[in-house]
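Throughout the sequence shown, residue numbering follows our numbering, covering 75 to 425 in sequence.
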Amino acid sequence: MIKQKLKTIISIIFPIYLIEIASKLNPIFLYKKADNYWKMFKISKIPYQEKKIIFDKVDDRKKVGIIIQGPIIKEDDFTYNTIKLLLENYKNIKIILSTWKNEEKKVVEKIKNLGIDILLNDPPINGLENLNLQIVSTYNGIKHFEKEKINYILKIRTDQRIYQNNTIEFFLNLLDIYPVFNSSKQTKRIIGIDINTCKYIPFSFSDMLQFGSTEDMEKMWNVELTTKKFTKTDRENLNPSIKEMQKYKNCEMVLCESFLKKTDFKYEYSLFSYYKALHERFLVVDSEMIGLYWFKYNSLNNSSIEIEQRKIKFLDWNELYTNFNNIDILKLIEVEKEILKKKLFKSKKWK
């Protein structure tokens with residue numbers, strides 16, 4: 075019995091160490107394949123039927139809708155199974171899949187049979203990276219929910235899945251606990267996640283998953299489509315400095331700065347101004363806190379991230395929320411001088 079258990083442990087652990095070593099030898103193909111294997115063992119397996127703690131009163135006045143936006147992920151029925159899981163975990167919440175008219179009819183019908191609304195949008199012109207696609211699919215979902223008098227919206231992507239079954243309650247509670255500061259044009263904070271919320275790139279507030287009041291989410295996503303084509307490859311080839319990112323903004327920065335303008339937040343391209351916005355208007359949670367799975371995210375990649383691309387975690391955000399007025403501005407300016415000189419990518423090896 076003990077011998078068999080030992081064999082099982084070795085059969086799991088040994089390949090993982092081999093993968094970790096091999097992935098550092100550089101071949102990108104091996105790296106990506108290794109990452110899929112790694113996740114099979116490293117991602118916490120949260121049971122679908124995990125029971126919630128039952129409370130006497132639930133606030134039914136807070137009507138919540140979920141927008142799942144993007145192309146349908148057919149591999150392993152990923153998007154289909156994500157919707158099934160959400161329907162199981164959130165029985166009284168409206169769900170919309172906002173995708174494209176060129177999706178396979180069979181696949182669309184299969185999802186439609188789950189009983190959710192599906193928006194089939196015309197794909198927009200290419201602009202800045204994938205921003206136009208996100209704007210069209212998200213904004214149309216928001217307008218649909220406005221007609222249904224939905225109060226709060228969770229926006230996620232079709233290639234993401236949330237395993238924690240109390241995430242909506244968690245987000246609603248956070249919005250009650252942490253009010254917005256100094257704004258009459260924003261009702262609640264916008265919640266985002268740590269992935270792509272960069273600590274040292276001003277206003278790079280994650281756009282891939284967001285939660286907020288319908289009114290605030292409409293302000294966030296009511297953005298003009300970009301007309302100049304600029305791809306991720308273009309950015310990698312250009313490899314701008316952090317200072318140059320003010321000119322070559324990423325999707326996150328475009329959305330964040332547009333939202334701040336609409337809510338009368340006066341900002342400049344600096345870490346202090348960015349941290350002030352996080353302190354007053356936004357809230358960042360760790361993806362692990364909600365059991366987020368995103369199969370594009372390389373779980374072996376943490377050690378290769380440059381200092382300027384490190385993420386804002388919930389602990390960082392909470393420190394900003396609590397102690398923003400105690401920031402040593404002179405030290406922050408010195409740090410910023412060095413950060414702004416740095417290039418966005420340290421090498422092409424791990425892109």
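Idealized CB from N, CA, C, for every residue including glycine.
Proximity below 7 Å, CB of P276 to CB of Y343 | yes
Rounded straight-line distance, which links the Cα of Y348 to that of K405 | In a straight line, the C-alpha of K405 is about 16 Å away from that of Y348.
Taking only runs of the alpha helix (DSSP H) that begin and end inside the region 213-288, which ones reach a length of at least 4 residues, in chain order?
-> 241-251
Which listed residue (K273, Y252, R309, C272) has its alpha carbon closest to that of R263 = Y252
Does the Cβ-Cβ distance between E393 and N256 come in under 7 Å?
-> no
In three-state terms, what does DSSP make of L418?
-> coil
By DSSP, does Y367 sit in helix, in strand, or in coil?
-> strand
Report back the beta-carbon spacing between I216 and I227 to the nearest angstrom; my notes put them in contact at under 8 Å.
-> 6 Å
Inter-residue spacing [alpha-carbon to alpha-carbon] between R384 and L161 = Each residue's Cα considered, the two are about 34 Å apart.
Confirm, please, whether the CB-CB distance from I190 to I209 is below 7 Å.
-> no
Looking at C-alpha atoms only, which residue of T301, Y274, T396, F285 is the closest neighbour of I413?
-> Y274
In angstroms with no decimal places, state the Cα-to-Cα distance between W295 and M327.
-> Roughly 13 Å separates the two Cα atoms.
Note down the Cα distance separating I242 from K137, rounded to an integer number of angstroms.
-> 11 Å
Given that a residue counts as buried once 16 or more other Cβ atoms are within 10 Å of its Cβ, and exposed if not, what is T305?
-> exposed
Just reading off the alpha helix (DSSP H) that I147 is part of, what are its end residues?
-> Premise fails: I147 is in no alpha helix (DSSP H) and is neither H nor E.
L345 - containing beta strand (DSSP E), residue span = No beta strand (DSSP E) contains L345, which is instead part of the alpha helix (DSSP H) from 345-354.
Burial state of S258, where buried means 16 or more other Cβ atoms lie within 10 Å = exposed
Compute the Euclidean distance between the alpha carbons of D402 and L249, then round it to the nearest angstrom.
-> 28 Å
In chain order, what residues of the same chain have a beta carbon less than 8 Å from the beta carbon of K415, not counting five sequence neighbours either side?
-> S315, I316, K317
Is it the case that the Cβ atoms of M282 and R231 are separated by a distance below 7 Å?
-> yes
Confirm, please, whether the CB-CB distance from W391 to Q234 is below 7 Å.
-> Contact check for Q234 against W391 fails: the beta carbons are separated by 7 Å or more.
Measuring CB to CB, does F279 end up less than 7 Å from F356?
-> The answer is yes: Cβ separation under 7 Å.
Does DSSP classify E177 as helix, strand or coil?
-> In the structure shown, E177 sits in coil (DSSP, three-state: anything other than H, G, I, E or B).
Over what stretch of residues does the beta strand (DSSP E) that includes N195 continue unbroken?
-> Segment 191-195, the beta strand (DSSP E) holding N195.
Coil, strand or helix - L357 by DSSP = In the structure shown, L357 sits in a strand (DSSP, three-state: E or B).
Grab me the residues of V254's own chain with a C-beta within less than 8 Å of its C-beta, minus the 5 sequence neighbours each way, in chain order.
-> Q260, T261, K262, R263, E354, R355
Could you have a look at E342 and say whether DSSP puts it in helix, strand or coil?
-> It is coil, neither helix nor strand.
Run through DSSP, which three-state label would L161 get?
-> helix
From the DSSP output, which residues share a beta bridge with L171?
-> I142, I192
Collapsed DSSP secondary structure at K321 in the structure displayed = coil
Straight-line CA distance for K417 to M319?
-> If you take the alpha carbons of K417 and M319, they lie about 10 Å apart.
Determine the burial state of T271: buried for a count of at least 16 other Cβ atoms within 10 Å of its Cβ, exposed for fewer.
-> buried
Local conformation of K385 per DSSP, three classes = strand
Could you say which of G139, E177, L299, K179 lies nearest to G201 if we only look at CA atoms?
-> L299
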